[in-house]
Amino acid sequence: VWVRREHCVPGVRYSLGGPEGNSPLEDYTYLLAWRKLGPQEVVQPGDQAGRGGLLAEERSGTALGGEAAEDRRVLLGRMAAAVAEDDLEQLRRAVETYRARAAASPHPGAWPPPSFLTSRGVPLTGVAAQRNAQPRLVAYLVAQGAEMDAAAFRYLLANSKALPGGGFSDVPHLVLSCLAQQRNPIAAAMGFARELAAAADSNSAKAREWRELASKLRSAAVDLVGCLEKLERPPAGDSAAAAAATATAAPAAGTTDSSEAVSSAAAAAAASASISDVLAPRGVACSLNDVSPLQMAYDTNDLDFMSAPVVQGYLQDRWLGPDYILQALQDKGATLHYQDHHLMLRVLEGSGFVGSLGRPLFRFHSYLVHLLVFAPRAFFDSPRGRWIFKMFLEAFFLYVFHSVQLMPDDDFTLRWQHVAFLLYVGGQLVDEVQENAHQYGGRLAAYFSSGFNLVEAAGWGMMLGCIGLKAAMWGLPGRQDHPHWEALRTCKELLLGCASILVWARLLQFIIPLYDGVGSLLMVVSLMFREVFKFAVPGMLLLTGVAFSLFSAFRYRDIPELSSFPMTMLKLFRTFLGETMFDLYVDEPDTAYNLYGNIITLLYALVATVVLANLLIALISYHFQPEKTESQSRFQMAEILAHYEYVVDQRLVGAPFSGPQLLAAAVLPAGRRQKGSSSWLAEKAGLPPMDGIVVAGEDTANKFLPTGTHELPYLLFLLTLYPALLLLSWALYFGMAPYAICYFTLAGYRRWTGEAAGPAGLKGPTRQGSSGKVHPDPSSSAVTTTTAAAAAAAAKAPAGSAAAGAAVDMLELADEVGGGGALHASSGPVVAAGEEGMLGGGDPALGGGEEEEDGGVVQRLAPALRHCLSAARYLLTRPLWLLLGCCGYLGVLGGGLLVLWMGAYTWLGRLAFHAYWVLRGWVQGLLGGDNVVFADKTATTTTASSSTSSPSTAAAAGGAGRRQGAAGLRERSQLVRVQQAALRNGGQVITLSELARSLRAAGFSKADISAAAAGPSLAPALLGPTGSGALASAPGPAGADVAAGGAGGRGTPQRSEASLQLRQPLRVEEADEDDGDVEEEEEDGAGCDVGGGMGEAGGVRAAGGGVREMPGLVRSGGGGGGSGGGGGSGGGSKGGSGGGSGSPMARRVASS
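In this note's numbering, the protein residues as written are 7 to 1158.
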């Protein structure tokens, strides 16, 4: 006798079990005992279940308004309990009850789709897999929209035969259905591909199929990355305009419906997802859908993904740093703007000190000055800034290393170089341990798979040995007179000599970001080394065999080169490199030995030198693929970026400060402060922004900067690299002083006089309104505009003297520039004819005889006289402009602005400011107070309204800022799903049409894509909103069917249509050739079944042909949708016949 513990749900098919153990019975007769449930026990989607029923006894006495929330919590608890107890029926019943309540609720937001997560952020699918639950339960959870972690997916792969019980035909159907349901199909595809590849290694029967599926998923992920180009952020100025436009359009949207206005305003206020939210989401990942695709590409060495243009552009932005891009790399054209790193260049050009020749060098100087004055924090907190800081420390280490290496051994004085050397070695060991833990997960085998790590380990090991030998030499009694002194000194010198090679070789890893070709070159060298090492095995075998043959024959034949085995091998190796050893057998008196030696040597030379050496070259050429080498170089650059991002996130500084920083972090506290803290102090002191420029629209309430121990790296930067860059900027500026002053004296002074920028001799007279002023760098558009204006003025001018004057003026200007002979020679008869007609048929213009000759002489001498006067004035005024240039360039700009204010004063101010925050963080942490400092918005002088606001308003604003700051502090501890839920469309950026196109490009068939869009063939997922043409909102799966029920009677067409609008299946946009398939689906089928519970509940269903069942409410029909309702005591009634009987919405849903 079996007693069923749970209630049966109408519309669900149950299988009855047979006798347990070995029974000879071949047929069974079942006796079913039924008990009719009372009115309070029936689970219905109406109001009756909302105020009573099975959930009433589990409520804690809440009011009617809170009953829905309480019931929701009870049902979610039942789901979790069912998973923990491995009870599929209880789970199915809880899910169906939840779906019924959600469909009947007048407020869909009151019953959102469940997350299927535990309170600790573990998916229920992962819990079921860890408890070794029945695979059908895990598959059912996935069919209902639950996300999987790696353990759950591996569990389903190991029990793939149970997938049909969850509505999935096979593994590809499971994977593609999940891609259509998840928020981030890129992450899901890469996660599934990684687990499939790992499972293929342990399952030989499915290895080929799963590897092929993994390859297709990777290709689809790479193709989907190309769709992220639409997420490129507009410039900062455009975002403000877009926000204003959104705010303006919000009231218009609210004119129709207040609820719709509120929802649309909330959607507009939500920030749209960025590329970073897709490729590297923030927060804690709880499923494969939340894992960073970029991190998975690192882990799986996915070269194609890293070589995608969108990924490369995103990595380039991360390398520069988003804050640094906003604060320094905004091109503002010719205007002076503090966000443009050409600010100093614009000042010097406007002052007349820079021309086209010196512009490249002054552009770099301007970039350097802007970095030091306006964006040092953003520069240092970027991966590129940390890389430059590391290069600076490595350059200093080279000086320390060679200073210690070249010190005399008889000098026993402890110098500062010895202390720095010890700090470098100890700090580098700390850095390598941290790198192994972060990048390689603590696995030494993976760590030593990198050639650079081998060089690092060997080099620092040798230096540790040198430190021990040096200490032993200093500790010997008698020191130089000790018998072991010389041996220790020799060993130390040899180790330091070998270490110097590795010290310089390890610098190759730091120059990869300099040029793209460096990474490719290093990859080629590494490939060549690998091939050489592979070739070394057969080469050594052949070399050893030939060496034994010659050594055994000639060890007593008075040939010194063959008298020992090592010398024989060395001689043969030199033969392999191109030398010959036939002259060794000249003095051999025995003909047999002579002939034997020559034959063996000849055969070895042919095999080793000719065959094997050329084979090695052929292997290297065969394996060298330029396109693959380029992608590997990009991947190596991405790994460098990941390393320095880790350094930035963990606030590391590197050797030689790693050891002291580790000790300080263990002893002294650290804290945080809001950006803009004490900014009023910097403004009053006349200092640049200490925390960087606040960009328009920047959310400073959620940006925090470190204090205490975490601020030490930036303080060390201000003490080391910052003054070095400051000195470099001064050296560049004053080194270019001769050029700048000479240019100002000869040509640049015209910026102040308003004259032309060309040589003084080219300036002609000004006549009849013509302008002789020419800008230094005229553009083609300006010249075209001026010429067009002159042509238009000439066309409008009346005939007569005015026109003639304009023509004469043009000819005179051209005569002065190019010479009269050149003008007439170029114009020829046309000009002569024009002059003849203008002057009246050849009559002399100035009269005849001597008057014409005198006028021509005066006219020819006047320009020469003017040139002489201009040259004399030019020469006489040069000393004055030279003096003014020296005063302006060296005194005002160089001494006052660059050295004093932007240089020493700003540097000392920054040191004092950040040293204060280091000490304050320590004091607050040691005293046990709240070590988080919020910016006082009321104390700043930048906001005009702060002085007029009331104290209560200011206090409210300060409290809001503190609440926002606290939210920003909790941001990193949130789940990825929680943070993406705050984005527009729940963080969805990939539409179903884009997914279908990428899957087709990856090699999946149309049938696979259609099955993925339809989802599992079981019950539809929990009701939830879907976007038009987009994937379903998380966490409910996409493509779910539509169901609704009316309480205590028949469903109406209006109710049916409303429910259809609530939940629409996703539409797969096929190509033109697929239209016939869609039409066949529309014509297929005859109706749908509608079932109600106990004759009191009705239901409506509309779906395409061959869709899945809906337990508890409906059973699947054969085809096209219909609308209507029916009631019955047992099963249900036909609700419609044919696709034409449904509403237009039902037809549209059925067509999809």
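All C-beta atoms, glycine included, are put in the ideal place defined by N, C-alpha and C.
Residues of its chain near W466, where Cβ-Cβ distance is below 6 Å and the 5 sequence neighbours each way are ignored: Q434
For P544 and A598, what's the separation of their Cα atoms in angstroms? 29 Å
Would you call K690 buried or exposed, if buried means 16 or more other Cβ atoms sit within 10 Å of its Cβ? exposed
Segment contact, 8 Å Cβ cut-off, at least three pairs: the region 389-403 with the region 649-662: yes
Starting from G481, trace the alpha helix (DSSP H) both ways and give me its first and last residue. 457-481
So, is P1175 buried or exposed, given that buried needs 16 or more other C-beta atoms within 10 angstroms? Examination of residue 1175 is not possible in this model, given that the chain is present from 7 through 1158 alone.
Would you check if the distance between the CB atom of F368 and the CB atom of V375 is smaller than 7 Å? no
Nearest by alpha-carbon distance to G115: which of A74, R324, A86 is it? A74
Among all the DSSP beta bridges, which residues are the ones paired with R679? L711, V939
My understanding is that D229 touches A1008, with C-beta atoms under 8 Å, so please give their C-beta distance in whole angstroms. 7 Å
In this structure, how does DSSP classify D346 when only helix, strand and coil are distinguished? strand
For A259, name the three-state secondary structure that DSSP assigns. Its pLDDT being 36, under 50, A259 is placed unreliably in this model, and the coordinates cannot settle the point.
Assigned secondary structure, L4 (DSSP; H/G/I helix, E/B strand, else coil): Since the displayed the chain opens at 7 and closes at 1158, residue 4 lies outside it and no answer follows.
So, is T419 buried or exposed, given that buried needs 16 or more other C-beta atoms within 10 angstroms? exposed
Would you grab the beta carbon distance between E982 and P287 for me? Rounded to a whole angstrom, and I think it's under 8 Å. Note on identity: in this sequence residue 982 is Val, with Glu being the wrong assignment. Going by Cβ atoms, the distance from V982 to P287 rounds to 5 Å, so yes, they are a contact pair.
In chain order, which continuous runs of the alpha helix (DSSP H) of length 4 or greater are located wholly inside the region 506-586? 522-560, 571-582
What is the DSSP secondary structure of V290, reduced to helix, strand or coil? strand
On the three-state DSSP scale, how would you describe T607? helix
Since H716 is in the alpha helix (DSSP H), which residue starts that stretch and which ends it? H716 -> no alpha helix (DSSP H), and no H or E assigned at all.
Nearest neighbour of G151, chosen from T131, A314, L38 [CA to CA]: T131
For F893, count the other beta carbons within 10 Å of its own beta carbon; 16 or more makes it buried, fewer makes it exposed. Which is it? According to the sequence shown, residue 893 is Cys rather than Phe. The residue in question, C893, is exposed, as its Cβ has fewer than 16 Cβ neighbours within 10 Å.
Grouping DSSP H, G and I as helix and E and B as strand, with all else coil, what is L669? helix
DSSP puts L886 in a beta bridge; with which residues? DSSP output for L886 lists no bridge partner at all.
What would DSSP say about P141, mapped onto helix, strand or coil? helix
Check whether the Cβ atoms of L501 and M468 lie closer than 7 Å to each other. yes
Would you mind working out which of A918, Q515, T883 sits nearest R756, comparing C-alpha positions? T883
Residue environment, K540, which counts as buried when at least 16 other CB atoms sit within 10 Å: exposed
Can you check whether the CB of T574 is closer than 7 Å to the CB of A542? no
Applying the 10 Å Cβ sphere with the 16-neighbour rule, what's the burial state of Q187? buried
F311 to T706 span [Cα, whole Å]: 34 Å
DSSP three-state label for L981, please. strand
From the DSSP output, read off the bridge partner residues of P129. L123
Measuring only the C-alpha atoms, how far is L590 from I394? 57 Å
What is the rounded straight-line gap between the Cα of A838 and the Cα of A746? The pLDDT assigned to A838 is 39, lower than 50, so where the model puts this residue is not dependable; a value taken from the coordinates is nonetheless given after this. Cα to Cα, A838 sits roughly 48 Å from A746.
Would the beta-carbon of R160 fall within 7 Å of that of T306? no
Quick one: what's got a C-beta closer than 6 Å to Q980's C-beta in the same chain, skipping five residues either side? G289
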